[in-house]
Amino acid sequence: MSRHAITVTVNGQPQTREVDSRLLLVHFLREELELTGTHIGCDTTSCGACTVLLDGRAVKSCTVFAVQADGAAVETIEALAADGKLHPLQEGFWEKHGLQCGYCTPGMIMSAKHLLEKHPDPTEEEIRWGISGNLCRCTGYNKIVEAIRYAAEKLAEAPAEAAAEEVSA
Amino acid sequence: MIPGSFDYHAPATLEEAIELLARHGDEAKLLAGGQSLIPAMRFRLAVPGVLIDLNRVSGLSYLHETLDDGDANGGGHLAIGALTRESELEASGLVGGRYPLLADAARVIADPLVRNLATVGGNLAHADPANDHPAAMLAYDAEIDARGAGGVRTIPIDQFFTGLFESALQPGEVLTEIRVPVPGPGSGGAYLKLERKVGDYAVAAVAVQLVAAGERIESIRIGLTNVNPVPMRATDAEAALTGEAPTDETLEAAGRAAAAQCDPAADLRGPVEYKRDLVRVLTKRAVRRAFERARQGLPEGGAQ
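So the sequences go chain by chain: E and C. Numbered per my numbering, the first sequence spans residues 3 to 171. Numbered per my numbering, the second sequence spans residues 3 to 306.
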């Protein structure tokens with residue numbers, strides 16, 4: 003088995019580690035960096051609980067090797083709240099009761115973040131489409147859709163503020 | 003679940019990748035999007051000793067349309083780089099405009115997260131009859147470029163799928179490009195898939211690409227997903243529709259022909275009888291949709 007020195011910029015911080023080739027990105031985040039906000043759900047590329055942004059794209063971090071992320075930027079749920087203030091998506095999930103057990107929530111929010119970057123003013127259908135790779139067994143999704151819609155409106159109200167948060171994230 | 007151990011290589015050029023493939027032989031697997039291979043490795047269904055990651059090879063991700071006479075009437079092709087992500091097909095205005103069958107298929111492959119990494123080349127090279135691109139590319143009459151130490155060769159799609167998870171790719175070859183003929187005037191296509199939930203493989207799916215001439219179907223190709231050990235064309239259904247108008251009778255005959263020609267396996271998605279009947283119904287609907295699209299694309303007053 004080969005070992006590799008990799009540097010991954012995680013939530014804005016370059017992180018250098020030596021890893022086994024077979025280490026999955028989700029294990030790198032959770033075990034090497036102790037960023038346990040990214041959850042492992044199904045372990046079979048089905049549920050989306052482990053979703054992170056890899057160079058800006060929402061991907062299942064259980065289906066990427068850490069060594070593949072060498073040189074890339076990874077964003078996890080831990081990057082969202084800044085200075086004690088919730089990100090509009092987190093606020094939306096709070097205000098609209100977008101979670102019950104909360105297990106799917108970090109992945110759901112990271113998928114939603116990518117969706118809102120592509121479609122800042124999504125229709126209900128686009129939201130449902132955008133989160134169709136993320137499973138939730140509690141909510142029935144309606145409240146999640148409302149939470150993402152809330153965030154879209156909030157971000158549209160304060161685009162300059164949101165842009166500033168992006169830069170600092 | 004942790005994959006078995008392996009040596010990892012990330013070549014920067016195709017030449018280097020081909021050299022690594024030659025050096026490691028059967029022990030090596032190519033890693034593209036990884037969305038089928040990595041799950042298979044975690045289940046230990048695949049235990050490659052060497053992974054050759056193509057993601058750092060530049061120049062393998064693109065969508066280029068080349069028109070022979072400068073317009074879409076004179077032929078040409080859409081060249082798809084093997085490492086093009088499914089999400090790029092989905093977002094492409096070119097694909098959405100002129101390649102509705104491909105656009106339909108791209109939207110229903112796995113789920114949006116998987117599509118952000120999964121590649122068109124990987125979907126085909128894996129030669130899984132449950133994958134969606136094989137049927138779509140069979141319907142398009144696409145061709146595939148494979149590059150090895152001896153250079154590039156082109157494989158017509160009808161000769162590409164040779165068995166369950168087996169393709170005409172030879173050891174040491176890398177699938178580099180897929181070329182889809184530019185649909186001419188009067189062309190229409192559609193992909194219809196029934197899946198139990200987003201992200202699951204098709205219970206069955208049907209890909210249709212046709213050319214309409216007035217009220218008739220001038221030519222048609224039909225590909226079927228996940229109802230045969232090898233990705234297949236429904237040639238009997240194609241014959242039943244060629245030169246015919248898509249009436250209730252001809253469509254029913256074509257649907258029955260497709261249902262009879264395929265060879266589905268009973269599994270957790272349903273028994274054989276159900277899958278055959280689904281092929282019958284989806285074939286009719288997909289042909290009808292492709293024909294409607296072909297008619298919409300024709301100039302006022304219909305075809306010549």
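Note that CB positions come from ideal geometry on N, CA and C, so glycine has one too.
Contact of Lys62 of chain E with chain C is assigned, a C-beta pair being separated by under 8 Å. Across the set E:Val76, E:Arg5, E:Met3, the C-alpha of E:Val76 shows the shortest separation from the C-alpha of Val12 of chain E.
Here Thr121 of chain C is buried. Its C-beta has 16 or more other C-beta atoms within 10 Å. When the Cα atoms are used, Leu115 of chain C and Gly201 of chain C turn out to be separated by approximately 10 Å.
Not one beta carbon of chain E lies nearer than 8 Å to the beta carbon of Pro102 of chain C. Listed in chain order, the alpha helix (DSSP H) elements of length 4 or more contained wholly in the region 85 to 129 of chain C are 88 to 93, 95 to 100, 102 to 110, 114 to 117, 122 to 127. Neighbours of Asp113 of chain C in chain E, taken as residues at a C-beta separation under 7 Å, are given in chain order as Ser134, Gly135.
Against chain E, the beta carbon of Asp71 of chain C has no neighbour under 9 Å; the closest one sits roughly 35 Å away. Taking all protein chains shown into account, Ala151 of chain C has fewer than 16 neighbouring C-beta atoms within 10 Å of its C-beta and is therefore exposed. Between Ala34 of chain C and Leu85 of chain C the beta-carbon gap is near 6 Å, inside 8 Å, which marks them as a contact.
Measuring C-alpha to C-alpha distances from Val61 of chain E to each of C:Gly77, C:Arg44, C:Glu88 identifies C:Glu88 as the nearest. In the three-state reduction of the DSSP assignment, His66 of chain C falls in the strand class, which pools E and B. DSSP places Asp55 of chain C inside the beta strand (DSSP E), whose first and last residues are 52 to 55. In the structure shown, Gln17 of chain E adopts extended strand secondary structure according to DSSP, grouped into three states.
Note on geometry: alpha-carbon atoms of Met3 of chain C and Thr65 of chain E lie some 11 Å from one another.
Contact of Phe167 of chain C with chain E is not assigned, every C-beta pair being separated by 8 Å or more.
In this structure, the alpha-carbon of Gly95 of chain C lies about 33 Å from that of Gly142 of chain E.
Nearest in C-alpha terms to Ala262 of chain C, of all of C:Tyr142, C:Thr237, C:Asp269, is C:Thr237. Judged by pairs of C-beta atoms under 8 Å, the region 207 to 221 of chain C touches the region 131 to 150 of chain C, as three or more such pairs exist.
Annotated three-state conformation of Arg271 of chain C is coil, per DSSP.
If you check the CB distance, Ala192 of chain C and Arg109 of chain C do not come in under 8 Å.
Within the region 201 to 240 of chain C, the runs of beta strand (DSSP E) at least 3 residues long that lie entirely inside it are, in chain order, 204 to 215, 218 to 227. Residue ranges of uninterrupted alpha helix (DSSP H) with 4 or more members, entirely inside the region 26 to 51 of chain C and ordered along the chain, are 39 to 44. Going by beta carbons, Pro158 of chain C and Gly77 of chain C fall outside the 8 Å limit. In chain C, no part has a C-beta under 7 Å from the C-beta of Gly104 of chain E; the shortest such distance is about 19 Å. Between Ile129 of chain E and Pro108 of chain E the beta-carbon gap is near 17 Å, outside 8 Å, which marks them as no contact. Excluding residues up to 5 positions away in sequence, Cys140, Thr141 lie with their Cβ nearer than 7 Å to the Cβ of Gln102 of chain E in the same chain.
The three-state secondary structure of Asp160 of chain C, taken from DSSP, is helix.
Annotation for Ala268 of chain C: Val274 place their beta carbon closer than 7 Å to its own, counting only its chain and skipping 5 residues before and after.
When Cβ-Cβ separations below 8 Å define contact, Asp45 of chain E makes contact with chain C. DSSP places Arg32 of chain E within a helical segment (H, G or I) once states are collapsed to three.
With a cutoff of 8 Å on beta-carbon distance, Gly73 of chain E and Ala149 of chain E are scored as not near each other.
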